[in-house]
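Below you'll find the structure, written out as structure tokens, and then a few comments.
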């Protein structure tokens, strides 16, 4: 019997990182099921070794970001064509915005124009920056690669990690028929993130908050890039809540994650008069414990395709407060598994916080959240990905197609 073979294409092959971690776990799952896996990447930092795993590093031009992106797109295309002629893949699966040649594409970030309009132009780029980036090579290269990926029907199947992302692709590109534009929510490790960690999580948070009275509601914010994740607005929302008459019960916020300028947010909290209620944790290795130990995850992000921390919180038995500007809002059932902020602004966030601080059965919220997360288990997700590979293998007759 001919072995099942797949090529996986991403810029980096590593265990850590959002997309990288997803790719690595997928690779391990395929190898466990007997697949032969070729990884085509720019740089491999994984310690994974297996007789059925082959890693191909692609040299790129390094003079600028635009040259790195375009040279990887073109050179990975050529390498995959050559490998396909030799290996006769069931499918070629790409994961990066710097690639377009594939049978299967997993979009975990959304369209570049939506990201630019929804976040970059509003928060990262000033007036002249916005004008420059309209003509800057890097933005133009990303858009060119995106059009090659979505704007031409080569029979590819695209699966987004949320309906929010799928709608962006469908709105901007009409080359792909709807039946080949699908949604697979990211899987979650239901053992690593589990309510059984609650006691350990409580002890960890109690140790951090040792010098303060025990609060009735402990919120946790977990994420890198505090600005995009909405921390400034979350702090302002808590301050507005206090200004409008105070919370219904005491609260405390634990902030975890990497940030280039954390002092800016610390200063904001002090200016707002809520600095004593916050604990700044920085990057943490015990996120599963923190999520299980908290009462509520708060993440009113400005633009986020599908932050994994939301299903991870659900798997931990912790409800979430999120904005509508994220695909993870699709998991939240308001008033049952969490709260949704319609607008990322202090007034709307304060209203949602007031609901989260109201007397309610958070344990029931947590049980329903856990049940929702259990529908995103890793085994079912892998089976759905393999089913997509099977479709493409039938389409291409399980023979290498060469150049398209």
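Numbering (the working numbering), first residue to last: 2 to 405.
Just so it is clear, CB atoms sit at the ideal spot from N, CA and C, and this is done for glycine as well.
Being a predicted model, the structure only gives us computed values, none of them experimental.
{"query": "By Cβ distance, which residues of its chain are closer than 7 Å to residue 405, with the 5 residues on each side in sequence left out?", "result": "In this prediction, residue 405 has a pLDDT of 39, which is less than 50 and means its spatial position is unreliable; nothing more can be read from the coordinates."}
{"query": "In chain order, what residues of the same chain lie with their CB nearer than 6 Å to the CB of residue 377, ignoring the 5 residues before and after it?", "result": "186, 188, 189 and 312"}
{"query": "Helix or strand or just coil, what does DSSP make of residue 177?", "result": "coil"}
{"query": "Which two residues bound the contiguous alpha helix (DSSP H) that contains residue 294?", "result": "288-294"}
{"query": "Hey, how far is the Cα of residue 244 from the Cα of residue 324?", "result": "22 Å"}
{"query": "For the segment 221-295, which segments carrying the alpha helix (DSSP H) assignment without a break, of at least 4 residues, lie completely within its bounds, in sequence order?", "result": "232-244, 263-273 and 288-294"}
{"query": "Tell me whether the segment 110-119 and the segment 160-170 touch, counting them as touching only if at least three CB pairs, one residue from each stretch, are closer than 8 Å.", "result": "yes"}
{"query": "Is the CB-CB distance between residue 10 and residue 93 below 8 Å?", "result": "yes"}
{"query": "Check residue 405 in the structure and name its three-state DSSP category.", "result": "Unreliable positioning characterises residue 405 in this predicted model, as indicated by a pLDDT of 39, which lies under 50. The coordinate reading is nonetheless provided below. It is coil, neither helix nor strand."}
{"query": "According to DSSP, what are the bridge partners of residue 151?", "result": "In DSSP, residue 151 forms no bridge with anything."}
{"query": "Got a sec, what are the start and stop residues for the alpha helix (DSSP H) residue 94 sits in?", "result": "Premise fails: residue 94 lies in the beta strand (DSSP E), 92-95, not in any alpha helix (DSSP H)."}
{"query": "State the Cα-Cα distance for the pair residue 198 and residue 89, rounded to the nearest angstrom.", "result": "45 Å"}
{"query": "When we look at the beta-carbon of residue 300 and count the other beta-carbons within 10 Å, is it buried (16 or more) or exposed?", "result": "buried"}
{"query": "In whole angstroms, what is the alpha-carbon distance linking residue 400 and residue 191?", "result": "Here residue 400 scores only 47 on pLDDT, less than 50, and its place in the model should not be relied on; the value that follows carries that caveat. When rounded, the distance between both Cα atoms is 37 Å."}
{"query": "Is residue 25 near residue 41, with beta carbons less than 8 Å apart?", "result": "no"}
{"query": "Can you tell me which residues form a DSSP beta bridge with residue 324?", "result": "342"}
{"query": "Could you tell me which of 385, 343 and 320 sits nearest to residue 333, measuring between CA atoms?", "result": "320"}
{"query": "Does the segment 251-267 come into contact with the segment 282-295, if we say contact requires no fewer than three beta-carbon pairs (one atom in each stretch) closer than 8 Å?", "result": "yes"}
{"query": "In whole angstroms, what is the alpha-carbon distance linking residue 398 and residue 67?", "result": "36 Å"}
{"query": "Taking the alpha helix (DSSP H) that residue 486 falls in, what are its first and last residues?", "result": "Nothing about residue 486 can be reported from this structure: the residues present for the chain run from 2 to 405 only."}
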